[in-house]
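Okay, so here's the structure we're looking at.
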DNA sequence: CCAAAAGTGTTTGCTCTACACCCATGG
DNA sequence: CCATGGGTGTAGAGCAAACACTTTTGG
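Residue numbers (the numbering used here), protein chains in the order written: chain A, 70 to 297; chain B, 70 to 297.
Encoded structure:
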């Protein structure tokens with residue numbers, strides 16, 4: 070890393086974000102439709118170039134805000150993709166992030182000149198994606214599912230207050246399987262990561278108590294060891 | 070990501086590698102001593118610039134080969150560090166990898182003009198490091214320990230054939246705690262990821278059977294769920 | 001009073017953990 | 001024959017999974 074190495078040609082660096090949310094009882098991903106070549110008209114992950122004065126995480130947060138209007142969201146670096154030919158225009162390395170948006174958060178999209186349209190797609194029905202974005206989205210989904218199993222990341226997809234049935238349903242949607250109601254309630258209450266509020270929510274049937282996430286909660290569980 | 074954005078100034082992109090091995094019954098990390106400013110004379114992780122025609126993984130493998138002479142090693146992307154001021158020379162984004170080298174592999178170092186010296190340091194006794202490399206090394210160690218708990222990555226640090234005591238000792242060194250001999254053996258044999266060879270190794274005391282890793286083994290265990 | 005969703009404990013099986021002695025070889 | 005490390009099984013405790021009925025509200 071001596072000084073003269075700086076004369077080498079440099080790759081361009083972007084961030085791309087896999088934005089997840091719950092909508093209509095499905096896990097969905099935000100995609101934008103590209104306005105310009107390459108892949109004009111194709112769907113792609115939101116993203117853009119990293120500015121010189123901002124960190125990678127700041128770049129991801131800025132792009133997320135530009136696409137959704139949201140300033141607060143769970144954001145986690147996923148993986149960096151750098152195959153030499155992944156972008157036909159030249160060498161572009163992208164640092165992929167994934168974001169979790171609370172269900173029902175009001176998005177205000179301010180599409181820039183780059184974007185003709187933004188839309189949510191269910192994760193199990195994504196259209197063909199530009200570049201290597203299908204691979205990135207698939208990896209993000211794997212990571213999200215895995216993460217749910219040993220952490221409390223699921224709360225990032227819920228509004229501030231929620232019923233036990235709603236959170237169970239969140240887990241069922243993401244994991245794609247049914248869970249036992251009594252076991253689920255016992256374990257989530259014993260884990261001590263949520264606390265009851267004074268409110269109840271009325272709908273059809275008996276009203277349900279509302280809970281909130283305890284932000285001070287230690288939300289990771291130690292993975293079971295392969296070896297003792 | 071339209072074409073005109075390519076006129077933006079670009080960051081430099083490097084790879085840095087946290088190379089782990091077992092030496093003298095300790096987990097050790099390879100460091101190089103910098104020959105040129107900034108941080109001339111300080112210890113740092115091996116690494117270098119990503120060339121335009123190679124992938125990130127290829128860049129990491131090339132740098133690893135240049136520093137150690139090893140062409141085959143376990144290599145995994147760790148995290149990408151991109152704080153604007155992490156390198157005083159300007160904007161340098163680094164994609165960090167970690168590598169696992171089998172114990173006793175013969176290294177041939179071919180230090181380049183950039184490196185005055187390369188040395189192994191025990192992970193619990195690293196010298197002060199240049200740039201943000203201390204943070205990177207600490208994260209790599211955390212990831213390695215975590216990885217050992219739910220995968221069979223430990224085998225990458227062992228020679229092709231090994232005794233059960235040797236592999237148990239590997240786990241004890243990395244995890245930093247003693248493990249029960251009978252429980253360890255039962256579980257690793259039931260996991261079906263190693264198979265006995267015909268060879269025995271004689272030393273002091275009763276000879277021990279040699280085992281080898283089954284490369285077709287499914288070496289990950291499902292993490293215990295936080296919720297049922 | 002009926003439909004709809006909320007809420008609540010116990011039993012059973014399995015997995016993890018703790019623990020101590022005999023075996024094979026070399027010197 | 002003795003020192004050294006290799007190799008082996010079992011019992012008890014704690015955790016996870018399966019399972020059905022009662023309660024509260026709105027219409």
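Positions of the beta carbon are idealized from the N, C-alpha and C atoms, including for glycine.
This one's a predicted model, so the numbers in the text were calculated from it and none came from an experiment.
- At a cut-off of 8 Å, the C-beta of residue 125 of chain B has a neighbouring C-beta in chain A.
- Here residue 270 of chain B is exposed: its Cβ has fewer than 16 other Cβ atoms, across all protein chains shown, within 10 Å.
- Taking 8 Å as the cut-off, the Cβ atoms of residue 81 of chain A and residue 79 of chain B count as close.
- Close partners of residue 77 of chain B in chain A (Cβ separation under 7 Å): 118.
- For residue 219 of chain B, the number of other beta carbons within 10 angstroms of its own is at least 16, and it is reported as buried.
- For residue 262 of chain A, the secondary structure class from DSSP, reduced to helix, strand or coil, is coil.
- Distance from residue 98 of chain A to residue 195 of chain A at the Cβ level is roughly 7 Å; contact confirmed, criterion being Cβ atoms closer than 8 Å.
- In the displayed model, residue 223 of chain A falls within a helix according to three-state DSSP.
- Between residue 114 of chain B and residue 202 of chain B the beta-carbon gap is near 5 Å, inside 8 Å, which marks them as a contact.
- Unbroken beta strand (DSSP E) runs of no fewer than 3 residues, entirely contained in the segment 76–128 of chain A, are found at 81–92, 95–103, 116–118, following chain order.
- The way I'd put it, the segment 88–102 of chain B doesn't touch the segment 152–164 of chain B; fewer than three beta-carbon pairs between them come closer than 8 Å.
- Residue 88 of chain A is positioned such that its CB atom lies no closer than 8 Å to that of residue 147 of chain A.
- Per DSSP, the continuous beta strand (DSSP E) segment holding residue 169 of chain B begins and ends at 161–170.
- Selection A:142, A:101, A:239, A:158 evaluated against residue 121 of chain B yields A:158 as nearest (Cα-Cα).
- Under the 10 Å beta carbon count, residue 136 of chain B is surrounded by 16 or more other beta carbons and is classified as buried.
- In this chain, the beta strand (DSSP E) harbouring residue 146 of chain B covers 143–150.
- With a cutoff of 8 Å on beta-carbon distance, residue 168 of chain B and residue 228 of chain B are scored as not near each other.
- Using a CB distance cut-off of 8 Å, residue 247 of chain A does not count as an interface residue toward chain B.
- Secondary structure note for residue 234 of chain A: its alpha helix (DSSP H) is the uninterrupted segment 233–244.
- Between residue 282 of chain B and residue 224 of chain B, the beta carbon gap of about 4 Å places them in contact (Cβ cut-off 8 Å).
- The Cβ of residue 111 of chain B sits no closer than 8 Å to any Cβ of chain A.
- With fewer than 16 other Cβ atoms inside 10 Å of its own Cβ, residue 215 of chain B counts as exposed.
- Restricting attention to B:263, B:279, B:268, the CA atom closest to the CA of residue 285 of chain B is found in B:263.
- For residue 234 of chain B, no Cβ of chain A is located within less than 8 Å of the residue's own Cβ.
- Using a Cβ-Cβ cut-off of 7 Å, residue 148 of chain B is close to 146 of chain A, given in chain order.
- For residue 281 of chain B, the nearest beta carbon of chain A is not closer than 8 Å to its own beta carbon.
- Selection B:129, B:230, B:217, B:275 evaluated against residue 174 of chain B yields B:230 as nearest (Cα-Cα).
- For the C-beta of residue 80 of chain A, the chain B residues within less than 8 Å are, from N- to C-terminus, 79, 82, 119, 121.
- Between residue 152 of chain B and chain A, the shortest Cβ-Cβ separation is below 8 Å.
- Chain order gives no chain A residues near residue 101 of chain B, where near means a beta carbon separation below 9 Å; the closest approach is about 10 Å.
- One Cα belongs to residue 130 of chain B, the other to residue 144 of chain B, and the distance between them is close to 8 Å.
- Contacts between residue 164 of chain B and chain A, judged by CB atoms closer than 9 Å, involve 149, 151, 162, 164 in chain order.
- The beta carbon of residue 268 of chain B sits closer than 7 Å to those of 230, 279, all from its chain and outside the five residues before and after it, given in chain order.
- Around the beta carbon of residue 237 of chain A, 16 or more other beta carbons sit within 10 angstroms, so the residue counts as buried.
- Spatial neighbours of residue 206 of chain B in its own chain (CB-CB distance under 8 Å, excluding positions within 5 residues in sequence) are listed in chain order as 87, 98, 114, 192, 195, 198.
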